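First to last, the protein sequences are chains R and E.
So the working numbering is basically just the index in the first sequence, starting at one, shifted up by 2.
So the working numbering is basically just the index in the second sequence, starting at one, shifted up by 19.
Just so it is clear, CB atoms sit at the ideal spot from N, CA and C, and this is done for glycine as well.
Remember, predicted model here, so these are calculated numbers, not experimental data.
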Amino acid sequence: MNKLKTAVADFGWPRIIIFFFVVALFVAAPLVGVRVDGALSDVLSRFGQNGILVLALVPMVQAGAGLNFGLPVGIIAGLLGGTLSMQFGLSGWAGFLGAVGISLPFAVLFGWAYGLLLNKVKGEEMTIAMYVGFSMVTFFAILWLLLPYSSPNMVWGYSGTGLRTTITLDGYWTKILNDFLAIRIGRFFVFPTGLLAFFAAATGTMWLFLRSKTGTAMTAVGSNPDFARAGGVSSDRMRLVSVVVSTVFGAVGILVYQQSYGFIQLYQAPLYMAFPAVAAILLGGASVNKASMVNVLVGTFLFQAILTMTPNVINSVLQTDMSEVIRIVISNGMIIYALTRKTKVSK
Amino acid sequence: MKTPFKLPSAARVRRFAADNVVVLIFLSVTAIAVPSSNLSASYIIQDLLTRYGRNAFLVFSLLLPIMAGMGINFGMVLGAMAGEIGLIFAVDQGIAGVQGLLYAVLVGAPIAVLLGWIAGQVLNRARGREMVTGYILGFFMDGVYQFVVLYLMGAIIPITSKAITLSRGYGIRNTLGLDSVRQSLDKLLKLELGPFDLPMATYLVIALLALFIVWFRRTKLGQDMRAIGQDQTVSHSAGIPVERTRILAIVISTLLAMVGQIIFLQNMGNMATYNAHRQTGFFAAAAILVGGASVAKATIPNVLVGVGLLHLMYIVVPPAGARLFGSAQIGEYFRDAMSYAVIALALALHAWRKRANAESARAGLRGAASGAVQPAKTEGGAE
Numbered sequence: 003m004n005k006l007k008t009a010v011a012d013f014g015w016p017r018i019i020i021f022f023f024v025v026a027l028f029v030a031a032p033l034v035g036v037r038v039d040g041a042l043s044d045v046l047s048r049f050g051q052n053g054i055l056v057l058a059l060v061p062m063v064q065a066g067a068g069l070n071f072g073l074p075v076g077i078i079a080g081l082l083g084g085t086l087s088m089q090f091g092l093s094g095w096a097g098f099l100g101a102v103g104i105s106l107p108f109a110v111l112f113g114w115a116y117g118l119l120l121n122k123v124k125g126e127e128m129t130i131a132m133y134v135g136f137s138m139v140t141f142f143a144i145l146w147l148l149l150p151y152s153s154p155n156m157v158w159g160y161s162g163t164g165l166r167t168t169i170t171l172d173g174y175w176t177k178i179l180n181d182f183l184a185i186r187i188g189r190f191f192v193f194p195t196g197l198l199a200f201f202a203a204a205t206g207t208m209w210l211f212l213r214s215k216t217g218t219a220m221t222a223v224g225s226n227p228d229f230a231r232a233g234g235v236s237s238d239r240m241r242l243v244s245v246v247v248s249t250v251f252g253a254v255g256i257l258v259y260q261q262s263y264g265f266i267q268l269y270q271a272p273l274y275m276a277f278p279a280v281a282a283i284l285l286g287g288a289s290v291n292k293a294s295m296v297n298v299l300v301g302t303f304l305f306q307a308i309l310t311m312t313p314n315v316i317n318s319v320l321q322t323d324m325s326e327v328i329r330i331v332i333s334n335g336m337i338i339y340a341l342t343r344k345t346k347v348s349k
Numbered sequence: 020m021k022t023p024f025k026l027p028s029a030a031r032v033r034r035f036a037a038d039n040v041v042v043l044i045f046l047s048v049t050a051i052a053v054p055s056s057n058l059s060a061s062y063i064i065q066d067l068l069t070r071y072g073r074n075a076f077l078v079f080s081l082l083l084p085i086m087a088g089m090g091i092n093f094g095m096v097l098g099a100m101a102g103e104i105g106l107i108f109a110v111d112q113g114i115a116g117v118q119g120l121l122y123a124v125l126v127g128a129p130i131a132v133l134l135g136w137i138a139g140q141v142l143n144r145a146r147g148r149e150m151v152t153g154y155i156l157g158f159f160m161d162g163v164y165q166f167v168v169l170y171l172m173g174a175i176i177p178i179t180s181k182a183i184t185l186s187r188g189y190g191i192r193n194t195l196g197l198d199s200v201r202q203s204l205d206k207l208l209k210l211e212l213g214p215f216d217l218p219m220a221t222y223l224v225i226a227l228l229a230l231f232i233v234w235f236r237r238t239k240l241g242q243d244m245r246a247i248g249q250d251q252t253v254s255h256s257a258g259i260p261v262e263r264t265r266i267l268a269i270v271i272s273t274l275l276a277m278v279g280q281i282i283f284l285q286n287m288g289n290m291a292t293y294n295a296h297r298q299t300g301f302f303a304a305a306a307i308l309v310g311g312a313s314v315a316k317a318t319i320p321n322v323l324v325g326v327g328l329l330h331l332m333y334i335v336v337p338p339a340g341a342r343l344f345g346s347a348q349i350g351e352y353f354r355d356a357m358s359y360a361v362i363a364l365a366l367a368l369h370a371w372r373k374r375a376n377a378e379s380a381r382a383g384l385r386g387a388a389s390g391a392v393q394p395a396k397t398e399g400g401a402e
């Protein structure tokens, strides 16, 4: 009984409540006429769609740089990759892989600069990261209008310049991962094999990275900087590596997200994209200074399950659309919970 | 521990430049944009005068938490929401004019106190990361606000006016017309000075608030807040109730933000029920930082300079963008990017300087240990 109590306290009541809330949603779904297989299929594809963005948060948490509210920095690199790949007329696999390839140097460059800044402001990374992300997104909104993109599928029709707010990926690489070896069972259930395989590969890469020499040193810097320094590890260097890795995963993550969504969203769209990812990883059991692959997988699944199921189920029960309110309260409540929790490492 | 170390004069000059780099960057950008905007001086001045009345009160609400060492109170949007709820009731009851505004303040006050108290409790549990927590708290309460206004009002909370409820019978409409109270404070004492209209009553309220803050700093509570802003541990040993004082700073800030939002909205004349508060914290934070304030130190001149500079940029940059790039949209993105960048830069500079200070203090201690230099301590802290 005591063991159970400490386990519950460790995991945290909010997470347990949310977990049972999700279970209740799945149980209630057939009773109100929502198809469980269809819903599960949605959850799976959104799980793969959002997973890598959540995964991108892990390295910085491990290196002690906090939750990466500046994820839009990586997202912008991904958007550059995606739009440039389209501009060069690449489509299909060449298009998607081209987008990833083009976005990588940008992600490394942005991540490096962003990491240098974060090294100067240790202890206050999160608020600053958030505003660095915001200014990056709005600054790039200007560039989307000014850069000389010319592909007729991307620019505004009447003026011929400036990218559109949303650019469809139809004819380029819409759902290229989702449809790869997808297995259809019945009318409503599709297993997005390619998408989940890609997510699994990304998770595996991150897992291996954290267990490599660099990854271990990074974790050491996060858990105890003084101890790490005594062991001959440069704290600044490891934090820089973590920020670059996080930014690169952010860039890849948004490309995976977009191929599943079917559109590239520009301008103000990436502004708040870090927050759902942060909420998801915290929901999975991560804290401000510790995160694992399990946290990512569990958190993303639970969070996407809530987002998918609440509109269907709650709307059928209450006859009103309260899902937006539930989403806002749960995701931000989770972040506040994590930020106000007494961490074991004393500051 | 946070005593500034004595710097040689060259470093002092550099530090002065660093202290004001945010203001300097902002000034130079605006200086370029003003002539290219092609706006007449009288138009700019009139617009600035209006915007002072509209925004200054909100920006003032950030002062006390900064004084208490809690950084910029991004949770002030909670107060803005309380003000909006007050206005909804004032419009619903059909109370017009300044009485309507007073009614809104009376309704909003208990809500603001409650929300401020909650925010204070939360921020006390999130020491060292108050700003990001306050920011997320704003998001969280936005959800609660939506729940109350969109689902409870008209269903459980009685709303009599059919005109402001959604056609389904409950919930408030997306846009609330504030015709009954529109600019009632601004028009109360209107002074026409040459080509300019001055909303004297609004200025008077703002001046009273400034006086209140000057007075408040000298009270026991104000002194306690400043002490806590300097050092929490020392204040605690000196018998100051740290947690309670911090909560009070947030409660007062939330109350002021509530009044500020009502002043803001009466000037605008209508209210986007579910969006009006979203940008409030951002504008106020940008204004006070542009005015040269830092996360740890803010004065009344910072507020006045900041509101002027920020809004001057907001007035001139879109037309300048339209003329220079052929697109007003570019100007609009540019001013947002500038404001976000200014916040990021000001926060980063402060964090950077704090670390540099800590390091030089440590270097001073090391010097003292070898018996060479006395650490320059006990210099009066930053006001």
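Contact with chain R by residue i, beta-carbon distance below 8 Å
| i | result |
| --- | --- |
| A391(E) | In this predicted model, A391(E) has a pLDDT of only 42, less than 50, meaning its place in the structure is not dependable; the value taken from the coordinates is given anyway. By this cut-off, A391(E) is not an interface position. |
| W371(E) | yes |
| I349(E) | yes |
| L68(E) | no |
Residue i (DSSP reduced to helix, strand or coil)
| i | result |
| --- | --- |
| G206(E) | Checking the displayed sequence, the identity of residue 206(E) turns out to be Lys instead of Gly. Three-state DSSP puts K206(E) in a helix. |
| L106(E) | helix |
| L292(R) | It is Lys, not Leu, that sits at residue 292(R) in the sequence shown. In this structure, K292(R) counts as strand in the three-state DSSP scheme. |
| N289(E) | strand |
| V132(E) | helix |
| R166(R) | coil |
| L211(E) | The sequence shown places Glu at residue 211(E), rather than the Leu named in the question. Three-state DSSP puts E211(E) in a strand. |
| G173(R) | coil |
| M89(E) | coil |
| M156(R) | coil |
| M172(E) | strand |
| T302(R) | helix |
| T184(E) | strand |
| I178(E) | coil |
Outcome for residue i when other beta-carbon atoms lying within 10 angstroms are tallied against a minimum of 16
| i | result |
| --- | --- |
| P150(R) | exposed |
| K43(E) | Sequence check: residue 43(E) is Leu here, not Lys. Looking at its Cβ environment, which holds fewer than 16 other Cβ atoms inside 10 Å, L43(E) is exposed. |
| F229(R) | exposed |
| V123(R) | buried |
| I316(R) | buried |
| V34(R) | exposed |
| I187(R) | exposed |
| I19(R) | exposed |
Inter-residue Cα distance where the pair is residue i and residue j
| i | j | result |
| --- | --- | --- |
| G400(E) | A204(R) | The pLDDT assigned to G400(E) is 34, lower than 50, so where the model puts this residue is not dependable; a value taken from the coordinates is nonetheless given after this. Going by the C-alpha atoms only, they are around 50 Å apart. |
| N39(E) | D44(R) | 52 Å |
| L210(R) | S333(R) | 29 Å |
| G80(R) | L59(R) | 16 Å |
| G117(R) | A60(E) | 43 Å |
| S93(R) | T170(R) | 12 Å |
| P194(R) | Y259(R) | 13 Å |
| L197(E) | A115(R) | 47 Å |
For residue i, the first and last residue of its enclosing alpha helix (DSSP H)
| i | result |
| --- | --- |
| D216(E) | Segment 215-218 is the beta strand (DSSP E) holding D216(E); no alpha helix (DSSP H) there. |
| I187(R) | Where I187(R) is concerned, there is no enclosing alpha helix (DSSP H), although the beta strand (DSSP E) it sits in stretches over 185-187. |
| D39(R) | 38-57 |
| Q270(R) | Segment: none, Q270(R) is in no alpha helix (DSSP H) and carries neither H nor E. |
Near the ligand COA: residue i beta-carbon under 7 Å from a heavy atom
| i | result |
| --- | --- |
| D111(E) | For the ligand COA, the structure offers nothing, since it holds no ligand at all. |
Below-8 Å beta-carbon distance, residue i vs any chain E residue
| i | result |
| --- | --- |
| F23(R) | no |
| G335(R) | yes |
| A143(R) | yes |
| L137(R) | According to the sequence displayed, residue 137(R) carries Ser and not Leu. Closer than 8 Å to some Cβ of chain E, the Cβ of S137(R) qualifies, so yes. |
| A66(R) | In the sequence as displayed, the identity of residue 66(R) is Gly instead of Ala. With 8 Å as the cut-off, G66(R) does not count as an interface residue toward chain E. |
| Y133(R) | yes |
| I330(R) | yes |
| V402(R) | No statement about residue 402(R) is possible, as the shown extent of chain R runs from 3 to 349 and does not include it. |
| M240(R) | no |
Element boundaries [beta strand (DSSP E), containing residue i]
| i | result |
| --- | --- |
| T238(E) | Premise fails: T238(E) is in no beta strand (DSSP E) and is neither H nor E. |
| T194(E) | 194-196 |
| F265(R) | 265-267 |
| V192(R) | 191-193 |
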